[in-house]
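A short worksheet on the structure shown next.
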Amino acid sequence: MPEAVATSTPCLGPYSPAVKAGNLVFVSGQLGIKDGELADGVQAQTRLCLENLKGVLEAAGTAMKNVVKCQVYLKNMDDFAKVNEVYAEFFTESKPARICVEVARLPKDALVEIDAIAEQ
Numbered sequence: 010m011p012e013a014v015a016t017s018t019p020c021l022g023p024y025s026p027a028v029k030a031g032n033l034v035f036v037s038g039q040l041g042i043k044d045g046e047l048a049d050g051v052q053a054q055t056r057l058c059l060e061n062l063k064g065v066l067e068a069a070g071t072a073m074k075n076v077v078k079c080q081v082y083l084k085n086m087d088d089f090a091k092v093n094e095v096y097a098e099f100f101t102e103s104k105p106a107r108i109c110v111e112v113a114r115l116p117k118d119a120l121v122e123i124d125a126i127a128e129q
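Going by the numbering used here, the final residue of the sequence shown carries number 129, and the count climbs one at a time with no gaps.
Have a look at this one:
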């Protein structure tokens, strides 16, 4: 049976930060938010997205090295290279499969949102 993962940071809506199902952890989309505030700029937001993602994975008992797939949502595809620069710092051991799409709008008017699937 799926098991919700709790963290100390509240979600923006009625959902779990992550859900464990079998040996997989499905992490909800993470924004570049710290202490309720959105970071300035796409690189700072990307860094916080990934730091938040790392924290949720750790709460679920896994780690960044176990991520098998990420989905990256960008407000502007012109930021692709900037996002990749920061993203590469977090995935040094093995690089997960990934999709990156441009979207019309994200919660809190964020510039980037990242979710992931990881093994336990």
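Glycine residues also receive a C-beta, built at the ideal position from the N, C-alpha and C atoms.
Since the structure is predicted, the reported quantities are computational estimates derived from the model, not experimental observations.
| query | result |
| --- | --- |
| A30 in three-state terms, based on DSSP | strand |
| Sequence-distant residues of its chain with Cβ nearer than 7 Å to S25 (five each side left out) | A13, V14, S37 |
| For E111 and V85, the rounded distance between their alpha carbons | First, the residue type needs correcting, since residue 85 is Asn and not Val in the sequence shown. So the alpha carbons of these two residues sit roughly 6 Å apart. |
| Through-space distance from Q54 to K91, alpha-carbon basis | 11 Å |
| For V65 and K29, the rounded distance between their alpha carbons | 11 Å |
| Close Cβ partners of L62 (< 7 Å) along its chain, the five nearest in sequence each way excluded | V36, Q39, I123, A125 |
| Short Cβ contact (9 Å threshold) for C79 with I108 | yes |
| L47 versus N32: straight-line alpha-carbon distance, rounded | 32 Å |
| Selection from V95, C20, T71, G22 that minimises the alpha carbon distance to V121 | V95 |
| Cross-strand partners of Y82 (DSSP beta bridge) | V110, E122 |
| Coarse secondary structure for K63, derived from DSSP in three states | helix |
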